[in-house]
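Enquirer: First the structure, which I've put down as structure tokens, then a few questions once you've had a look.
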Amino acid sequence: MAPKRAVAAASETAPPAKRTRTTTVTQRAAAVSKTVVETKAAAPKKAVAAKKNTATKVTKKTAATKKAGASKKIAAPATKKAAEPSEASDKENEVEAAKVNGTKVNGAKRKRDQEQNESVGDDVASDAEVNDERGGKRAKKDEAASAPAKKRKAAAPKPAPKRAARELKAINEPPSQVMDIFVFGEGTAGELGLGSVKVDGKKPIDVKRPRLNTNVKGVVQVACGGMHVAVLTNENKIFTWGVNDQGALGRDTTWDGGLRDVDDEDDEDSDDEDTGMNPKESTPAEIDTSDIPENTKWVQVVASDSATFALTTTGQVYGWGTFRSNEGILGFNKSVMVQRTPALVPEISKIKQLAAGLNHVLALDEKNKIYAWGAGQQAQLARRLLERDDLAALYPSGIGSLPGRAKAEKLACGSYHSFVIDTKGRVIGWGLNNYAELGVEDEAGQDGGYVMRPQLIKSLEQYEIADIAGGEHHSLACTKQGELLTWGRIDGHQVGQPSESFSEDNTIWDERNKPRILLVPTVVPDIKDVVRVAAGTDHSFAITKEGKVYSWGFSANYQTGQGTTDDIESPSLIDNTAIRDRKIIFAGAGGQYGIVGALPEGN
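Just remember that our numbering sits 600 ahead of the position in the sequence shown, which is counted from 1.
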């Protein structure tokens, strides 16, 4: 029998310790911190920006819930600059330690770092200054072009605006199936969309099991970002809620709230109806459409960590927010740092489908060409980027032809990796692979674990894949025969596999003889007829054709909807009175929350 493979680079890490959790709601409400060696796979370290628009400065200290376990033995591809400890103040270090590989810090009072606000811009005016500086050259060219010509024989007629000159042909159909949405998880950043005050005696935070969100009606599609949500309604409106620090909501959420001192309050027993959250962020509201043509019809929304993008019937793409890299905010495009309201992405057209990772976006056009843009330090854009031109990543560029003459049918993204399902049910992938999240064994568990160019995933060749999803360091898929497959990181029960699924042939083990990486996509036993899958950072969902939804993985913030903060080790039915008799047709997840969608009652 072959010896068990050990995780590479043993000298860099320590064996995992048992993870613990705190006992109070406020402790659980803080961000989950993972003890994985900060290496190249580490996501952008985000300091949570201070809110200029929130006067509610909740003074109660919240302890961070730590997803403990000593540092992992996996070396990941990230720059040393992002991994080495900085000489920042103790206060900044405390905020940085609360991050989960790029997932923003949750918590009832969410401290925002003032220095980041100054660099990003506290409001639209400051953003405009940054944008003007970035686009200076372009502005000068525009100014020169608009100046009157001195020696022209005849003035050329002014061309009509493009929008007025021609009608774009519709190539996409809007979704029409309405669903009720049920939310669960932490919610202290407003990501549950339940508002900022109690309703019927129930707080809008720490929701243990699915709860109907009555603040938005007629939902036909949902996109879950790290700490924000966007939905499309049957009235052709886009509503958003959650964190708006970098413009991800596409609307103004300035709020002149009052101060509230909670030093002497007990969060568990307080009768205060107000949570102190910004009601304009935590309550669904429509995006700013002032710069969007009136006849625009939406067909899809997708959400990354700090940005949102929307697709129209004519194949145009609008976006707002920003992208982040290992070093911080990268920008929205080459001339705009933070886009506060929806803006057209002019470089692409006739787009049929979008998908978003933590900080990158994919777009498929009607000629089977796939574009990628955003942050690309983990190869998620399928192209090499030059350090001297880091803004080139913000320009949508084609990833090249797909292997095997594949014709793309469905796009999907993990936090730092990308997938394509072709018309034959084959899977093509690229991006980060340090935990074998692509299903590629080569270099998994080692430094430089990424796949630069799209390649057919050979470990999935025996299956005909119907749906696929990626988390931070794990992935899952379902076949057209209803089988559920999982692979990637194991230590938080992300793959939902029983211990007997791990062997010397398919698993990387640590020096304590604990399974760490499932290298090969493996069928999960005892669950059948799966038709759809979804993944959050470290938790996952599977929906069956009967309309039942199962969840598993890390649950310290109730993000599995199972009513517990303990890990859910294997796929378990979500069963409470709110959804027990409802047919579930959608599941989505962010950092510390989850959403499921059900057909309206009577359907």
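For each residue, glycine too, the CB sits at the ideal point set by N, CA and C.
In whole angstroms, what is the alpha-carbon distance linking residue 1128 and residue 883?
Expert: Along the sequence shown, one-based indexing puts residue 1128 at 528. Along the sequence shown, one-based indexing puts residue 883 at 283. C-alpha separation (whole angstroms): 37 Å.
Enquirer: Verify the CB distance criterion: does residue 897 have a CB-CB separation below 9 Å to chain D?
Expert: In the structure shown, chain D does not exist; there is a single protein chain.
Enquirer: Could you tell me which residues DSSP pairs with residue 1010 in its beta bridges?
Expert: By 1-based counting over the sequence shown, the position of residue 1010 is 410. Per DSSP, 1021.
Enquirer: Would you mind giving the Cβ-Cβ distance between residue 911 and residue 954, rounded to the nearest angstrom? I have them listed as a contact below 8 Å.
Expert: Here residue 911 is taken as the residue at index 311 of the sequence shown, counted from 1. Here residue 954 is taken as the residue at index 354 of the sequence shown, counted from 1. Indeed, because the Cβ distance is near 5 Å, the residues count as touching under 8 Å.
Enquirer: Find out if the Cβ-Cβ distance for the pair residue 886, residue 851 is shorter than 9 Å.
Expert: The residue you call residue 886 lines up with position 286 of the sequence shown. The residue you call residue 851 lines up with position 251 of the sequence shown. Taking 9 Å as the Cβ cut-off, residue 886 and residue 851 qualify as a contacting pair.
Enquirer: By DSSP's criteria, residue 811 is part of a beta bridge. Which residues make up the other side?
Expert: On the sequence shown, position 211 is the one that residue 811 refers to. Beta-bridge pairing links residue 811 to 783.
Enquirer: Can you tell me whether DSSP reads residue 1188 as helix, strand or coil?
Expert: Reading the sequence shown from its first residue, position 588 is the one you call residue 1188. Residue 1188 falls in the strand class under three-state DSSP.
Enquirer: Per the contact definition of three or more C-beta pairs closer than 8 Å, is the segment 835-844 in contact with the segment 796-806?
Expert: Fewer than three Cβ pairs drawn from the segment 796-806 and the segment 835-844 lie within less than 8 Å of each other, which leaves the two stretches out of contact.
Enquirer: Are the beta-carbon atoms of residue 914 and residue 772 separated by less than 9 Å?
Expert: Residue mapping note: residue 914 aligns to position 314 of the sequence shown, counting from 1. Residue mapping note: residue 772 aligns to position 172 of the sequence shown, counting from 1. The answer is yes: Cβ separation under 9 Å.
Enquirer: To the nearest whole angstrom, what separates the beta carbons of residue 1189 and residue 1133, a pair I think is in contact under 8 Å?
Expert: Along the sequence shown, one-based indexing puts residue 1189 at 589. Along the sequence shown, one-based indexing puts residue 1133 at 533. Residue 1189 to residue 1133, Cβ: 11 Å. No contact.
Enquirer: Our contact map puts residue 956 next to residue 904 with C-beta atoms below 8 Å; I'd like the distance itself, whole angstroms only.
Expert: Stepping through the sequence shown from its first residue, residue 956 is reached at position 356. Stepping through the sequence shown from its first residue, residue 904 is reached at position 304. Going by Cβ atoms, the distance from residue 956 to residue 904 rounds to 4 Å, so yes, they are a contact pair.
Enquirer: Let me make sure I understand the geometry here. Which of 835, 795 and 809 has the alpha-carbon closest to that of residue 821?
Expert: Position 221 of the sequence shown, counted from the first residue, corresponds to residue 821. Minimum Cα distance to residue 821 is reached at 835.
Enquirer: Of all the options 832, 1092, 961 and 968, which has the alpha carbon lying nearest to the alpha carbon of residue 982?
Expert: Locating residue 982 in the sequence shown gives position 382, where the first residue counts as 1. The candidate whose alpha carbon is nearest that of residue 982 is 961.
Enquirer: What does the alpha-carbon distance come out to for the pair residue 819 and residue 987?
Expert: Within the sequence shown, residue 819 is the residue found at index 219, counting from 1. Within the sequence shown, residue 987 is the residue found at index 387, counting from 1. Distance between residue 819 and residue 987, taken at the CA atoms: about 42 Å.
Enquirer: Do three or more CB pairs link the segment 789-796 to the segment 1156-1170 at distances below 8 Å?
Expert: Output reads no: the segment 1156-1170 does not touch the segment 789-796.
Enquirer: Determine the direct distance from the alpha carbon of residue 1021 to that of residue 969, and round the result to whole angstroms.
Expert: Working through the sequence shown from its first residue, we reach residue 969 at position 369. Working through the sequence shown from its first residue, we reach residue 1021 at position 421. Looking at the two C-alpha atoms, the distance is approximately 14 Å.
Enquirer: If you drop the 5 nearest sequence neighbours on each side, which residues of the same chain put their C-beta closer than 8 Å to that of residue 891?
Expert: Looking up residue 891 in the sequence shown gives position 291. Exclusion of the five residues before and after residue 891 leaves 941, 942 and 943 as the residues of its chain whose Cβ lies within less than 8 Å of its Cβ.
Enquirer: Please state whether DSSP places residue 904 in a helix, a strand or coil.
Expert: Position 304 of the sequence shown, counted from the first residue, corresponds to residue 904. Coil at residue 904, not helix or strand.
Enquirer: Note down, in chain order, each residue of its chain lying with its Cβ closer than 6 Å to the Cβ of residue 1052, except the 5 sequence neighbours on either side.
Expert: In the sequence shown, residue 1052 corresponds to position 452, counting from 1. Excluding sequence positions up to five before and after residue 1052, its CB lies within less than 6 Å of the CB of 979, all in the same chain and listed in chain order.
Enquirer: How big is the Cα-Cα spacing for residue 784 and residue 825?
Expert: Stepping through the sequence shown from its first residue, residue 784 is reached at position 184. Stepping through the sequence shown from its first residue, residue 825 is reached at position 225. Roughly 15 Å separates the two Cα atoms.
Enquirer: Could I get the ranges of all uninterrupted beta strand (DSSP E) runs contained in the segment 1068-1125, with 3 residues as the minimum, in chain order?
Expert: 1074-1079, 1084-1089, 1107-1109 and 1115-1123
Enquirer: Mind the definition here: the segment 1036-1052 touches the segment 1110-1128 only if three or more C-beta pairs lie below 8 Å; say whether that holds.
Expert: yes
Enquirer: For my contact list, residue 959 and residue 924 are in at a C-beta cut-off of 8 Å; report their separation, rounded to the angstrom.
Expert: What you label residue 959 is simply residue 359 of the sequence shown in a count that begins at 1. What you label residue 924 is simply residue 324 of the sequence shown in a count that begins at 1. So it is a contact: roughly 5 Å between Cβ atoms.
Enquirer: Can you list, in chain order, the residues of its chain with a C-beta nearer than 8 Å to that of residue 1170? Leave out the 5 residues immediately preceding and following it.
Expert: One-based indexing of the sequence shown puts residue 1170 at position 570. Taken in chain order, the residues that qualify are 1093, 1096, 1097, 1098, 1124, 1126 and 1152.
Enquirer: From the DSSP output, which residues share a beta bridge with residue 802?
Expert: Within the sequence shown, numbered from 1, the residue matching residue 802 stands at position 202. In the DSSP output, where bridge partners are listed per residue, residue 802 has 799.
Enquirer: Spell out the partners DSSP gives residue 924 in its beta bridges.
Expert: Position 324 of the sequence shown holds residue 924. Looking at the DSSP assignment, residue 924 forms a beta bridge with 929.
Enquirer: So if DSSP puts residue 838 in a beta bridge, which residue, or which two residues, is it bridged to?
Expert: For this step, residue 838 is matched to residue 238 along the sequence shown. Paired residue(s): 832.
Enquirer: Beta-carbon within less than 6 Å of residue 896's beta-carbon, same chain only, minus the 5 sequence neighbours each way: which residues are those?
Expert: As a working mapping, residue 896 is identified with position 296 in the sequence shown. Take residue 896, set aside five residues on each side of it, and the residues of its chain with a beta-carbon closer than 6 Å to its own are 912, in chain order.
Enquirer: What's the C-alpha gap between residue 1090 and residue 1115?
Expert: Here the question's residue 1090 lines up with position 490 in the sequence shown. Here the question's residue 1115 lines up with position 515 in the sequence shown. Approximately 7 Å between the Cα atoms of the pair.
Enquirer: Within the continuous beta strand (DSSP E) that includes residue 881, where are the two ends?
Expert: Start at 1 with the first residue of the sequence shown, and residue 881 comes out as number 281. No beta strand (DSSP E) holds residue 881; the alpha helix (DSSP H) holding it covers 879-882.
Enquirer: Can you have a look at residue 1060 and say buried or exposed, based on whether 16 or more other CB atoms are within 10 angstroms of its CB?
Expert: The sequence position of residue 1060 within the sequence shown is 460, counting from 1. Answer is buried; the Cβ neighbour count reaches 16.
Enquirer: Taking only the alpha-carbon atoms, compute the straight-line gap between residue 1030 and residue 976 and give it to the nearest angstrom.
Expert: As a first step, residue 1030 is located in the sequence shown; it is residue number 430 there, counting from the start. As a first step, residue 976 is located in the sequence shown; it is residue number 376 there, counting from the start. About 11 Å.
Enquirer: Buried or exposed for residue 1001, please, with buried defined as at least 16 other CB atoms from any protein chain shown within 10 angstroms of its CB.
Expert: Position 401 of the sequence shown, counted from the start, is the residue given in the question as residue 1001. With a threshold of 16 other beta carbon atoms within 10 Å, residue 1001 falls short and is exposed.
Enquirer: With respect to the beta strand (DSSP E) encompassing residue 940, which residues constitute its N-terminal and C-terminal limits?
Expert: Indexing the sequence shown from 1 puts residue 940 at position 340. Residues 939-944.
Enquirer: Quick one: Cα of residue 1026 to Cα of residue 1054, how far?
Expert: Taking the sequence shown and counting its residues from 1, one reaches residue 1026 at position 426. Taking the sequence shown and counting its residues from 1, one reaches residue 1054 at position 454. Between residue 1026 and residue 1054, the C-alpha separation is close to 12 Å.
Enquirer: Among 937, 928 and 1194, which residue has its Cα nearest to the Cα of residue 919?
Expert: By 1-based counting over the sequence shown, the position of residue 919 is 319. Nearest option by C-alpha distance: 937.
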